[in-house]
Amino acid sequence: MRPRQRIQGWQRRLLILWVGGGLLAGLALANWDFALVLRNAESRYGSLGAAKQRILDWDALIKSSAALSEADKLGEVNRFFNRTIRFTDDIRLWQQNDYWATPVEMLVKGAGDCEDYSIAKYFTLRRLGIPSEKLRITYVKALNYNQAHMVLTYYASPTAEPLVLDNLINDIRPASQRKDLLPVYAFNAEGLYLAGSNTRKSDTKKLSRWQDILKKMRAEGFAIGDG
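The working numbering runs 109 ahead of the 1-based position in the sequence shown.
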């Protein structure tokens with residue numbers, strides 16, 4: 110989390126970010142070739158140093174978590190990124206006001222902001238077989254900081270109370286126990302959701318940071334389809 114525009118600005122930006130129908134439905138569940146990922150990362154960044162081990166640890170996390178229950182997958186993935194990545198805002202890290210990093214970019218830097226944590230957790234849990242309809246990337250207002258923030262939420266069923274995966278705290282708690290967070294919007298591969306609603310709000314805006322994320326991840330060597 111970092112200082113942001115007012116929540117209204119995030120609402121407007123989110124409407125631009127979402128691409129209607131199949132936003133991330135094409136996230137492939139086939140094995141990811143981390144040897145290829147590392148070669149591509151080294152070609153782009155040169156010697157990876159400690160980042161190589163972070164990427165290998167990510168691979169090991171995926172392999173070791175494959176047979177776990179969904180609840181245990183949530184816990185392992187949340188702990189891994191919260192433990193491995195230090196919080197840094199985009200201005201310091203990328204010299205941009207708002208940059209959405211791929212998991213590899215974040216692991217190479219060893220740092221990221223709230224969007225990057227949420228994106229990395231989403232992709233990892235999708236890779237571990239959790240359906241997109243159970244996961245929502247959720248914009249909230251962090252009331253204790255009076256700032257916009259992003260978390261990942263998990264729904265065991267369509268009407269279940271969501272669990273919140275957050276970089277601010279390590280515990281995964283039901284949304285009712287996160288009185289410090291005020292939901293604004295959420296989205297996943299199925300669509301855009303208003304706060305407190307399970308009804309999808311279709312929108313067909315064409316500009317999307319998610320498209321950029323998918324394009325970058327394909328270039329990094331990940332098998333990700335189009336929908």
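The beta-carbon is built from N, C-alpha and C at its ideal position, and this holds for glycine as well.
Non-local C-beta neighbours of N149 in its own chain, meaning closer than 8 Å and more than five positions away in sequence, comprise A328, E329 and G330, ordered along the chain. With respect to the C-alpha of N253, the residue from R287, E242, F232 and P240 having the closest C-alpha is R287.
For D166 and A176, the gap between their C-alpha atoms comes out near 17 Å.
For A150, the enclosing alpha helix (DSSP H) stretches over residues F143 to Y154. I322 has its alpha-carbon roughly 21 Å from the corresponding atom of K161.
At a Cβ-Cβ threshold of 7 Å, R236 and I278 do not count as neighbours. Nearest neighbour of D142 by Cα position, chosen from I164, L244 and L274, turns out to be I164.
DSSP places P212 within a helical segment (H, G or I) once states are collapsed to three. The DSSP-derived three-state label of I239 is coil. For Y231, same chain residues with a beta-carbon under 7 Å away, outside a window of 5 residues either side, are L244, I246 and L261 in chain order. In this structure, L183 lies near I281, with their beta-carbon atoms less than 7 Å apart. Spatial neighbours of E151 in its own chain (CB-CB distance under 7 Å, excluding positions within 5 residues in sequence) are listed in chain order as L157. A direct Cα-to-Cα measurement between G238 and T197 gives close to 29 Å.
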